[in-house]
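Chains as they are written, first to last, in this note's numbering: chain X, 1 to 297; chain B, 298 to 553; chain V, 554 to 836. Just so you know, even glycine gets a beta-carbon here, dropped at the ideal spot from N, CA and C. It should be emphasised that the depicted structure is a prediction, and the values quoted were computed from it without experimental measurement.
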Amino acid sequence: MENRKLRDLIGTKLMLVITIFIAFLFFLILFTLLTGSLYIIQDQSITELLFSSTWKPRSGEFGLLGVIIGTIIVTSIAMIIAVPISLLTAVYIVEYAPKKVRQIIRPFIDVLAGVPSVVYGLCAFIVFVPLVRDVIAPFFGELNSSGFSIFTASLILSIMVFPIIISLCVESFNAIPIELKEASLSVGATKWETVKKVIFRASGPGVISAILLGFGRAFGETIAVSMVIGNQEKIPSSLFSQGQTLASIIAQNYIDVMSLPRLESALIFVGLILFIVVLIFNILGFLVLKRARSRWN
Amino acid sequence: MKNLSNIQIETIDLNVTYHNNHVLKNVNIKIPSKQLTAIIGPSGCGKTTLLKSFNRLLEIRDDVSISGKIIVDNENILDHKAGDVPDIRKKMGLLSQKPSPLPMSIYDNVAYGQRIHNKKSKEDLDKIVEDCLKEAGLWQEVKDRLHDPASRLSAGQQQRLCLARAIAVNPEVLLCDEPTSALDPISAQQIEKLLLKLKKDYTVVLVTHTLRQAKRVADYLIFLYFGEVVEEGTSDEFFNNPKDPKTKAYLEGEIS
Amino acid sequence: MNRRFLEEKIFKILMIFSIFIVVGSLILIFSVIVFNGASSISLDMLTQTSSPRFYLGKGGGGMLNAIVGSLLLALPATAMAFLIGICIALFLQRDFIHPTISNFIRLCLDILWGVPSIIYGIFCMTIMIAFGMSTSLLFGIIALTLLEIPIITRSIDESIKMVPLGLKESAYSLGSTKFETAIKVVRRQALPGIVAGILLGLGRGIGDAASILLTVGDSNFIPDSLYDSTAALPTMILNLLSMPDPNVQSKAYVVAFVLLIIVLAISIISRSLSKKSTKYVIK
C-alpha cells in the first residue's frame, strides 16, 4: 500500500516538473531570441534594421524593410485568396454536402494538412513558377518575371493555409445547435439565407479565430516560400518581382552564419520579430477560440 | 363528425425511416383546422418526427427517408421540389422545445421572417413587430428594449419571442414541440394560455408528453405508440371513452 | 422571390468551385510529385547512400543516408515527445489541479504548436553554437522533440478529455489511486487518439525541414554517433534543388516522392490503427 502511494507521489511530482518546464518553454525561447539579438541591436539601431532596405550581410548591412514589406504582402495575398475559398468550402461541407461527399472530403483535408512544406515548395517550383512566368505575369503586363515571385509564394501559401481555416470553421459551424437552423428555416428562409444571417453570426468568434490562426501559420511558413520567392531583399516593385519574407530569409542565409560576423545575431533578430508577431496572432486566435468553445458548451 | 369538417393537414401512409430505424409506420391521420391537436405518447415514439415532417424540416438531417403523402391545402407537400420548400415552411410556424432566439436583437428576431420575404417599410415592420409581440403577450415587457439582444431574455420570455417570430409571417399552422418542457411552471402556464388563445386563429399541433397538459388544452388527440397511430379522437372521446386497450393503459399510467 | 433563390444558386456554384480548388490542389500536388518522381525511381536510389557525385550530375548513389537519417531523427524525437507528452496530459486531468492552471498550460501548448518550426531551429542552433558544437543528430533530435511535444500532447490531452467521467469514477470507487486510474482505465479508452497523435507527430518529424535545416547539416554517410551531421529527406530535397544541373534537380522529385509515400503511409496506418484499437473502447 505504501509503495503505491509513494509511486503516486513521485509520479505526480515528476509530471509537475515536466509540465512547468514545457509551459515556460516559450519564455525560454523568447529569452534566447532576445539575448541572441542583443548584439545586432546594439551594433545597429533598431530603426536602421527595420527601416533600411539594404540587406548586404557581407558589408555589414542588415536592412529589413524590403523583407518586412514582402512578408506583409505575401501573407495578405495568401489570406485574401484562402479565406473566401475556405469559408465557402466549410459552409458546403457542413450545410450542403451529401453525407457521402462529406466523408470523402474530410480525409482529403486532413491529408492536405499533413503534407510536408518542402513537398508543397517543390510542387510550387514545378508548377507555379512556370505558370506565373509564362501565363499569369504576362497577363498582368509583366513580361520579365522569372516566375520566382511574391505572387508565386502567395499561391502556394494559400493552399497550405486551407486546411487550418476549413477545419476550424467546420468545427464552429457544427457547434451551432440545430434548433437555431430549424428556427430560421421554419419561417421560410432558404439554406443560404440561414447561413448568411444565422450561422455566420452565431459562429463569428470561431471564424475569426480560424482566420487569425491561419494568418499566423502563413506568416511563419519558411520552406515552401523560400523555394519560390526569389530571395531578393529589396523592396519589391511588383507582385511578380522577386522578394523575401522574414521566415525565408533565415533559411536562405543561415549557411553563412559562421563565416560572416553579426549575421547570426541578425537572423536571430529576424526570428525574434517572427516569433513575436506569430505569438500575438496565435494568442489572439486561441483566446477567441477558447471563448467560443466555452460558449458552445 | 364536426371535428373533421375542416382538415388542415392529412397524412396518407406516411413512413419515416431515420438512421435505419423505422420511426413512423403507416401513419394515417387528419389534423383539424383551427383547433388544437395534441400528439401524445411515450418518449421516443416518433411524435417529434411526425411534427417535423409536416414542414419538411426532417430533411435537413442525414439518413432520413420519407414515403407516403402529406396533404396540405389539397397538395402533397412531399411532391414539391426542394426549391419550393421555404414557401411550404412559411405556412407553418415552429416552436421548439428549447427556446431558440436567433442571435440578434428582439426586434430583429420578430422581423426576421418579414424581412426575408417582403420589402416592408420601417413603419410597417414596426407595426408588425408590435402586433406580434402583443399577441405573444411579450410587448409590455420588452417595448422599451426592442434592440437588446434576444439572448438576454429569460427562458419563458424567449419562448414567447419565438412564438411572436413564428406568427410574424402569418402562418396557417403552429407546430409546437413540447414548448413548455424546458420552462418553469409560471412560464409554462403563460405559454399554455397563449396557445389556447391562438387556436382560434391558427391550427395548432402540439407535441406533449404530459397527459395533463393535453387534457388542459387539446381539442383533438392523436396517440402515437412506437411509431404507430393507436387512436385518435376528440378530447372528449379520448379521455372519457378510449377504445384501444393501449390507450387505456397509457391513460392510467401503466405505460409511459 | 426569384432574387433569393438566384443568390443561393450563385453561391452554391461558388462553393462547388471552392471545393474543386481545395480538392484539386491536393490532387495536383500528388500527381506532380508522383509523375515526376515515380518515373525516375530505382532500387539503387533507395538502397545506396549518396556520394559527392550525387549532387553534381547523374548517378552517384542514392538517398539511403537521408532515409536512415530521417528515421534516426524522427523516431527518438517522437519517443521522447510521447513520454513527455503523456506526463503532461495525465497531469492536466482535472483531478490533479485547479482548472485555471490547466487552462493556462493548455494555452501554452497551443501557442507552442503554432510557433513556426524555424524558430525551434534557431533556438537549437543558438544553443549549439553557444556550446561550441557543430551540426549533429543530437540537435536535430532536440529540435524535432520540441516541435512534436505540443502536437502529441494536445492529441493525448484531447483523447483523455473525451473519456467519460463515469469510467474514471468507477475506477476510483474500486480503490485505485489517482495515478493508477489515470494509467490503466483512461489509457485503454483513449488509446486510439493517443496512437493517432503519436503518428501525427512522427509524420511531422519526418517531413519538417525548417527545424532541422539549421541543426543537422548534411552528410553522405549514415551517422555513427549522435554527434555526426546527417542527411535527411527534406534537407536533401532542398540541397538537390539548389543545384543548377536539371539532372540533379530531378532527383529532388524522387526524394520528394519517397517522402510523400512515407508520410502518406503513416497517415493511413494511423487511421487503420485507430479503427483497430477501438476494440476496448466503450462508446
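Residues bridged to residue i (per DSSP)
| i | result |
| --- | --- |
| B/Cys473 | B/Leu392 and B/Leu503 |
| B/Glu529 | B/Ile519 |
| X/Trp55 | X/Phe62 |
| B/Thr308 | B/Ile326 and B/Ile367 |
| B/Val466 | Bridge partners of B/Val466: none, in fact. |
| B/Leu333 | B/Val501 |
| B/His319 | B/Thr314 |
| V/Pro717 | In the DSSP output, where bridge partners are listed per residue, V/Pro717 has none listed. |
| B/Asn373 | B/Ile368 |
| V/Gly614 | V/Ser603 |
| B/Pro446 | B/Ser402 |
| B/Val361 | B/Tyr315 |
Chain B residues whose Cβ lies nearer than 9 angstroms to that of residue i
| i | result |
| --- | --- |
| X/Lys100 | Per Cβ cutoff of 9 angstroms: no residues; X/Lys100 is ~10 angstroms from chain B at best. |
| X/Arg201 | Leu399, Pro400 and Met401 |
Cutoff 8 angstroms; reference residue i; Cβ partners in own chain excluding five residues on either side
| i | result |
| --- | --- |
| X/Asn282 | Leu212, Leu213 and Gly216 |
| V/Thr788 | Ala619, Ala762, Ile765, Leu766, Val769 and Asp771 |
| V/Asp798 | Leu609 and Gly610 |
| X/Ile29 | Phe275 |
| V/Val782 | The sequence given here has Ser at residue 782 of chain V, not Val. Closer than 8 angstroms at Cβ, skipping near neighbours: Ser687, Thr688, Ser689, Leu690, Val769, Gly770, Asp771, Ser772 and Pro776. |
| X/Leu34 | Leu272 |
| V/Leu624 | Ile759 |
Contact set for residue i: own chain, Cβ-Cβ below 6 angstroms, skip 5 residues either direction
| i | result |
| --- | --- |
| V/Asn589 | Tyr806 |
| V/Ile637 | Ile702 |
| V/Lys836 | Confidence in V/Lys836 is poor, its pLDDT being 43 and thus under 50, which makes the residue's placement unreliable; the coordinate value appears in the next sentence. Excluding positions up to five away in sequence, the list is empty. |
| X/Ser158 | Ala78, Ile81 and Ala82 |
| B/Ile367 | Thr308, Ile374 and Leu375 |
| X/Ile73 | Ile150 |
| V/Ser712 | Ala743, Gly746 and Ile747 |
| B/Val466 | Lys387 and Gly410 |
Partners in chain B for residue i, counting only beta-carbon separations shorter than 8 angstroms
| i | result |
| --- | --- |
| X/Ser146 | Within chain B, no residue comes near X/Ser146; the closest Cβ sits about 50 angstroms away, beyond 8 angstroms. |
Spatially closest choice to residue i from the options, by CA coordinates
| i | options | result |
| --- | --- | --- |
| V/Leu643 | V/Arg707, V/Ile574 and V/Ser825 | V/Arg707 |
| X/Ser167 | X/Ile93, X/Lys290 and X/Ile126 | X/Ile93 |
| X/Gly55 | X/Leu279, X/Val288, X/Ile273 and X/Ala266 | One point to set straight first is that residue 55 of chain X is Trp, not Gly, in the sequence displayed. If we check each option's Cα against that of X/Trp55, X/Ala266 comes out closest. |
| B/Asp423 | B/Asn352, B/Asp498, B/Thr308 and B/Val407 | B/Val407 |
| B/Ala511 | B/Tyr315, B/Lys490 and B/Leu458 | B/Lys490 |
| X/Leu284 | X/Leu263, X/Gly243, X/Gly271 and X/Val207 | X/Val207 |
| B/Gln456 | B/Glu427, B/Arg509 and B/Ser397 | B/Ser397 |
| V/Val576 | X/Ile109, X/Lys191, X/Tyr254 and X/Phe269 | X/Ile109 |
| X/Ser146 | X/Thr71, X/Gln232 and X/Pro261 | X/Gln232 |
| V/Lys859 | X/Thr190, X/Leu260 and X/Lys197 | Past the edges of chain V, shown from 554 to 836, lies residue 859 of chain V, and the structure says nothing about it. |
| B/Gly390 | B/Tyr315, B/Thr477, B/Gln486 and B/Ile464 | B/Ile464 |
| X/Ser53 | X/Arg262, X/Pro236, X/Tyr120 and X/Ser172 | X/Pro236 |
| X/Ile46 | X/Leu64, X/Arg293, X/Gly114 and X/Pro57 | X/Leu64 |
Contact list for residue i against chain V, beta-carbon separation under 8 angstroms
| i | result |
| --- | --- |
| X/Met227 | Leu791 and Leu794 |
| X/Leu16 | Phe644 |
Neighbouring residues, chain X, relative to residue i (Cβ below 7 angstroms)
| i | result |
| --- | --- |
| B/Gly410 | Val187 and Gly188 |
| V/Ala763 | Thr222, Ile223 and Ala251 |
| V/Arg557 | Thr190 and Glu193 |
Within chain V, the residues that residue i reaches when beta carbons sit closer than 7 angstroms
| i | result |
| --- | --- |
| X/Met79 | Those do not exist, as X/Met79 stays about 15 angstroms from chain V at its closest Cβ, beyond 7 angstroms. |
Contacts that residue i makes with chain X (C-beta to C-beta distance below 9 angstroms)
| i | result |
| --- | --- |
| V/Gly756 | Gly114 and Pro116 |
| B/Ala463 | Ala183, Ser186 and Val187 |
Under 8 angstroms by beta carbon: chain X residues contacting residue i
| i | result |
| --- | --- |
| V/Gly760 | Gly114, Val115, Pro116, Ser117, Val118 and Val119 |
| B/Asp359 | Lys99 |
Cutoff 7 angstroms; reference residue i; Cβ partners in own chain excluding five residues on either side
| i | result |
| --- | --- |
| B/Gln454 | Leu435 and Glu438 |
| X/Ile165 | Ala82, Val83, Ser86, Ala210, Ile211 and Gly214 |
| X/Glu221 | Ser117, Leu157, Met160 and Ala247 |
| X/Val195 | Val91 and Glu95 |
| X/Ile268 | Leu33, Gly36 and Ser37 |
| X/Ala218 | Thr75, Ala78, Met79, Leu157 and Val161 |
Beta carbon proximity, residue i to chain C, threshold 7 angstroms
| i | result |
| --- | --- |
| V/Asp663 | Absent from the structure is chain C; the protein chains it does hold are X, B and V. |
Checklist entry - Is the stretch 587-599 of chain V touching the stretch 217-233 of chain X, taking contact as three or more C-beta pairs under 8 angstroms? => result no
Next on the checklist: I'd like to know if the stretch 621-634 of chain V and the stretch 745-755 of chain V are in contact, where contact means that at least 3 CB-CB pairs between them fall below 8 angstroms.
Outcome noted: yes
Checklist entry - With contact counted as at least three CB pairs below 8 angstroms, one residue from each stretch, are the stretch 441-449 of chain B and the stretch 467-475 of chain B in contact? => result no
Checklist entry - Quick one: any contact between the stretch 354-368 of chain B and the stretch 533-542 of chain B, if contact means 3 or more CB pairs under 8 angstroms? => result no
Checklist entry - Does the stretch 172-187 of chain X come close enough to the stretch 385-397 of chain B to have 3 or more Cβ pairs within less than 8 angstroms? => result yes
Item to check | Contact between the stretch 481-501 of chain B and the stretch 310-326 of chain B (3+ Cβ pairs under 8 angstroms) | outcome: no
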